[in-house]
Structure formats: C-alpha cells, structure tokens
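Per the working numbering, the sequence shown starts with residue 111, numbered consecutively.
Here a beta-carbon is modelled for each residue, glycine too, at the ideal position from N, C-alpha and C.
Notes follow once the structure below has been shown.
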Amino acid sequence: MRSCHTVSAGFDDPNLVSCAGLVPVMRLAERAGLHDLARAHVRVPGSPGSNADVKVAALVAGMVAGADTIDAMDLLRHGGMGRVLTPGRAPSTLGTFLRSFSFGHVRQLDAVASRLLVNLAARAPLLIGADQVAYLDIDDTIKATYGYAKQGAGYGYSKVKGLNPLLAIVSTPVSAPVIAATRLRRGPTNSARGAARLVADALVTARKAGATGLVTVRADSAYYNHDVIAAARTGGARFSITARMDPAVTKAITQIPDTAWVGRPCRATPQGSAFYFIPVVAMPSMKRLWTKKKATIIGSKASRDPAISIP
111 MRSCHTVSAG FDDPNLVSCA GLVPVMRLAE RAGLHDLARA HVRVPGSPGS
161 NADVKVAALV AGMVAGADTI DAMDLLRHGG MGRVLTPGRA PSTLGTFLRS
211 FSFGHVRQLD AVASRLLVNL AARAPLLIGA DQVAYLDIDD TIKATYGYAK
261 QGAGYGYSKV KGLNPLLAIV STPVSAPVIA ATRLRRGPTN SARGAARLVA
311 DALVTARKAG ATGLVTVRAD SAYYNHDVIA AARTGGARFS ITARMDPAVT
361 KAITQIPDTA WVGRPCRATP QGSAFYFIPV VAMPSMKRLW TKKKATIIGS
411 KASRDPAISI P
C-alpha cells in the first residue's frame, strides 16, 4: 500500500493551531524587548521598512516554527494562528522587507540580536555558571543554495554551492550553547574573513549576558592568525586555537626531544590518555608572533598536532 500523492495537508480550520508552542516563545521574546529593540534599531528606508518591529518579530516566529523559505512564512497565517498571535505579514511583504536590506541594515539586526540575548539571559538561565567559566566557539559552515540568481552563492572548501555563515557560540560546562553573533558571507569566502570582528563583538555580548568569569575562545586552524588571537586577548579572553601545521611549526615540533614533553591528564579524552605541553620558547616561530608573551603549546605527543593556549 502506498500513499496517494494527490493528497495534501492544510490547516484551514479556524480553531486549529499548527504551532501552539509559538505562544510562550513569542511572549518571552516580547518581555525581552524584541519589538522595542527592532523599532529602535532597524531603519529600512521607504515603504518596505514600515512596521519593522512587526516584520522582524514575524520572521523570528516563522524561523522558530520551522520556516526555511519566504513562502513557508505563510504558516503564521494558517488556521487559528491569528487568534493566538497578532496578525503577521504576508510572505511577499516579508520578502520585500528583507530584499531592501544592505549590509548596514544587517548590522542593525546584529544590534537587535545581541541586546535580545542579553535581555533573555537576564530572564532565563541561559548561561549557568558563566560567572566562572564560559567558552566562545568560532566556526563556519556551508548552507547549500539552489538556482543561479542567489546573490553571493558559490563553491567553497566543501565543494558545495551555497553561502558561508560564520558563527560565534557561547556555552558553559553545564549549559547548552547559544548563538552570540553571526555573519552571512559569500560561499567562496576564506574561513577567517571577518572572524576577528566577530570575536570582538561576541565577547562583548557574552560579557553583558553574564560571562564575567574566565572565557576561552576556541577555534580550529582556519582561525590561526594574529587578528583573531589579538581580538580574543583584547576582549580579555584566553584562547585555544589549533596551530596550522606549516613547515616552520612542523620543523620546530620535530626538534623537541621527548624528554621535554610533560604529560597532563585530560578529562575530555578516553581514560588513560593525556595531553603534552612544552613552553613556547622551544618554537621560535611562535615566539616571534607573541613577543614578550608567554604561551603554551598543547597537543598530542603521538600526533604532534598542537594548539596555542595563552595562560
């Protein structure tokens, strides 16, 4: 027995609510000041920018409900949704609003998002223990796109055509991660492009959201450069970034005698394994990068794959 492909589901009953979970979510967003923040910071010229607070809130509600396209935003008008939430906007209206954005308007939304996170952290236990230890993880990903007219789409390191968003995630050992900052970039963009500014912005947001204790910026070797590390240190954070295995680093590691490595147990690895570290003075290339600074090269003795960590 097979399903009939001519049958489709529709939420047209006036008493049927397809996404009842949106009610407490949007109530919390309103208490955290989403509408007020969008009204104060988002300034899109012309008629597309009218009622920006309503449109921003509608976009947030649609994404929370699972809408991943402009047309899918119509779910906010299904059935009895208008009885539990204030009337939203048609997908075409929301699409016109977004297409009117320039990079400056995107930065206005960044201002709304960072302040909303701070307000949410004051009303809900988002970052438990952040006053002691918190982590800021930086990484990018590829979002596949389709069609030839998508602005900025291209082939990046994954060989998938799409866009390349950069994310900054804040977490603690006892709390789930939350997004502190984002940048949507062209598909072929280098991973580290704009990462230093993102780190600086995310650290400010994390501090205001309650991460007043030790904050460690973590990233892979794609972000192994002076600007990213300087942004972390300027923001008062430590960092753990995988060192790129260039010839200078590889040569320096191979010249370190086995007796110079000091074992330290690591709870994140299987029982019995350990990390090994050695002072940076044994690696001239790192010493030149961090003049008058002390550092530690942390890595696996077996793989010789180091990471930089500043105490």
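Contact between Leu-132 and Ala-171 holds, since their C-beta atoms are separated by about 6 Å, short of 8 Å. Bridge partners of Lys-271 according to DSSP: Tyr-265.
Excluding the 5 residues flanking it on each side, Ser-224 has same chain C-beta neighbours closer than 6 Å at Thr-315, in chain order. Per the coordinates, the alpha-carbon of Arg-293 lies some 15 Å from the alpha-carbon of Val-280. When DSSP reads this structure, Tyr-245 sits in a beta bridge with Ser-281 and Thr-326. In the three-state reduction of the DSSP assignment, Thr-369 falls in the helix class, which pools H, G and I. Contact annotation: Arg-303 and Leu-246 have beta-carbon atoms that are not nearer than 9 Å. Around the Cβ of Met-173, a 10 Å sphere holds fewer than 16 other Cβ atoms; the residue is exposed. Spanning the alpha carbons of Thr-255 and Pro-367 requires a straight line of approximately 49 Å.
The residue from Asp-184, Gly-345 and Gly-262 with its alpha-carbon nearest to that of Pro-298 is Gly-262. Counting C-beta pairs closer than 8 Å gives three or more between the region 215 to 229 and the region 129 to 144, which meets the contact rule. The count of Cβ pairs closer than 8 Å, one atom from the region 285 to 292 and one from the region 202 to 209, stays below three, leaving the stretches out of contact. In this structure, Pro-158 is the residue among Val-284, Pro-357, Leu-230 and Pro-158 with its C-alpha nearest to the C-alpha of Arg-199. Collapsing the DSSP output to three states places Leu-144 in a helix.
Between Val-152 and Val-243, the CB-CB gap reaches or exceeds 9 Å. Within the model, the alpha-carbon separation for Ala-130 versus Thr-282 is close to 30 Å.
Here the region 304 to 311 does not lie against the region 265 to 273, with fewer than 3 beta-carbon pairs under 8 Å apart. Per DSSP, the unbroken alpha helix (DSSP H) holding Ile-363 starts and ends at 357 to 364.
In the DSSP annotation of this structure, Phe-349 is not part of any alpha helix (DSSP H); the continuous beta strand (DSSP E) holding it starts and ends at 348 to 352.
Rounded to whole angstroms, Leu-236 and Lys-318 show a C-alpha spacing of 13 Å.
By DSSP's assignment, Asp-250 forms a beta bridge with Leu-276. Under DSSP, the beta-bridge partners assigned to Ile-289 are Ile-279.
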